[in-house]
Amino acid sequence: MDLNRGIFIFLLLPLTFKGHGQQLELGIKMYTGLAHSMGWEPGMNGASLNFDYLHGVSEELLLKGGLELGYTGWGSQGLLATGIRYGGINALDLEILNGMAFYQQGASYVFGTGASYTRTFFNEGKNRLLLSIGFRYIIQPAYSKYSSIYSYFDLPLQIRWGRKLNKNQT
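For the sequence shown, the working numbering assigns the number 913 to the initial residue and increments by one for each residue that follows.
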């Protein structure tokens, strides 16, 4: 199976299930930088588009998997996020990030972790609006060969639109 077909099937897979508590979220995230590997330096560090799939384990615990495409201080990158969301309208998101920074000479491995507070608005129907603020640490070890700035500690701000998938869910 070629890569494009695999990605297409991965993106359609959540739509085939009818389990309890399935949700899709699409959002924009901005990274307000607080520090990097050289020290404290506040400022904008980048932005990304995010697509997340959440699956309910219980009323308050959701498993989360997603894709993030964006840019940061070292350039464009694609990340796969896995994690959990705990809570209802006021929730805590924890995630681990793995991915690649894209360069003309060749891609380089990127990884990180993050935690955020998420507040849900307009939660009565299937559609809802979510706002998040949190902390994130991300590093690209191979970039240390080119620059002394190869890791960032950011304050991500995110706005997302969410949709519940189950027909019986309100």
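The C-beta atom is built at its ideal place from N, Cα and C for all residues, glycine as well. Remember, it's a predicted structure, so these values are computed and weren't measured experimentally.
Q: With a cut-off of 8 Å on the beta carbons, I'd call Gly1026 and Arg1048 a contact; round off their distance for me.
A: On the sequence shown, position 114 is the one that residue 1026 refers to. On the sequence shown, position 136 is the one that residue 1048 refers to. Yes, they are in contact, since the Cβ atoms of Gly1026 and Arg1048 sit about 4 Å apart, within 8 Å.
Q: With DSSP as the reference, label Gln947 as helix, strand or coil.
A: Start at 1 with the first residue of the sequence shown, and residue 947 comes out as number 35. A small correction: the amino acid at residue 947 is Ala; Gln does not occupy that position in the sequence shown. Note: Ala947 maps to strand in three-state DSSP.
Q.
Using the Cβ count rule (16 or more neighbours within 10 Å means buried), how would you classify Val1022?
A. In the sequence shown, residue 1022 corresponds to position 110, counting from 1. Val1022 is buried by the Cβ-count criterion.
Q: Along the beta strand (DSSP E) that carries Glu1007, what are the first and last residues, could you check?
A: Start at 1 with the first residue of the sequence shown, and residue 1007 comes out as number 95. Taken as a continuous stretch (DSSP letters only), the beta strand (DSSP E) holding Glu1007 covers Asn1002 to Ala1013.
Q. Apart from the five residues just before and just after Asp1005, which ones in its own chain have a Cβ nearer than 6 Å to its Cβ?
A. The residue given as residue 1005 occupies position 93 in the sequence shown. Closer than 6 Å at Cβ, skipping near neighbours: Arg997, Ser1028 and Thr1030.
Q. Looking at C-alpha atoms only, which residue of Ser970, Thr944, Gly1011 and Lys976 is the closest neighbour of Ala959?
A. If you number the sequence shown from 1, residue 959 lands on position 47. Looking at the Cα atoms, Thr944 is the closest of the given residues.
**Q.** Identified DSSP bridge partners for Ala993
**A.** Walking along the sequence shown from the start, residue 993 turns up at place 81. Gly978 and Leu1009, per the DSSP bridge assignment.
(Q) Considering only the alpha carbon of each residue, which of Leu1009, Gly955 and Thr1032 lies closest to Leu981? (A) Residue numbering aside, residue 981 sits at position 69 when the sequence shown is read from its first letter. Looking only at Leu1009, Gly955 and Thr1032, the smallest Cα-Cα distance to Leu981 is reached by Leu1009.
Q: Answer with buried or exposed for Ser1060, where buried requires no fewer than 16 other C-beta atoms within 10 angstroms of its C-beta.
A: What you label residue 1060 is simply residue 148 of the sequence shown in a count that begins at 1. Exposed, because fewer than 16 other Cβ atoms sit within 10 Å of the Cβ of Ser1060.
Q) Would Gly1046 pass as a contact of Met1012 if the rule is Cβ separation under 8 Å? A) Here residue 1046 is taken as the residue at index 134 of the sequence shown, counted from 1. Here residue 1012 is taken as the residue at index 100 of the sequence shown, counted from 1. Not a contact, by the Cβ cut-off of 8 Å.
Q | Beta-carbon contacts of Phe1033 that lie in its chain and below 8 Å, excluding the five residues immediately before and after | A | For the purposes of this step, residue 1033 is taken as the residue at position 121 of the sequence shown. Only Arg1040, Leu1041, Leu1042 and Leu1043 meet the Cβ criterion.
Q: Compare the Cα-Cα distances from Gln1052 to each of Gly1037, Gln934, Asn1002 and His948 and report the closest residue.
A: Residue mapping note: residue 1052 aligns to position 140 of the sequence shown, counting from 1. Considering only alpha carbons, the answer is His948.
Q: Select from Gly955, Lys1038, Leu946 and Asp1066 the residue whose C-alpha is nearest the C-alpha of Gly933.
A: Your numbering for residue 933 matches position 21 in the sequence shown. For Gly933, the nearest C-alpha among the options comes from Lys1038.
Q | Sequence-distant residues of the same chain with beta carbon closer than 6 Å to Trp1073, five excluded per side | A | Mapped onto the sequence shown, residue 1073 falls at position 161. Once the five neighbours on either side are set aside, the close Cβ partners of Trp1073 are Leu938.
Q.
Here's the rule: buried if 16 or more other CB atoms are within 10 angstroms of the residue's CB, otherwise exposed. What is Gly955?
A. Numbered from 1 along the sequence shown, position 43 holds the residue referred to as residue 955. It counts as exposed.
Q: Let me know the secondary structure DSSP gives Lys1057 once reduced to three states.
A: Here the question's residue 1057 lines up with position 145 in the sequence shown. Three-state result, Lys1057: helix.
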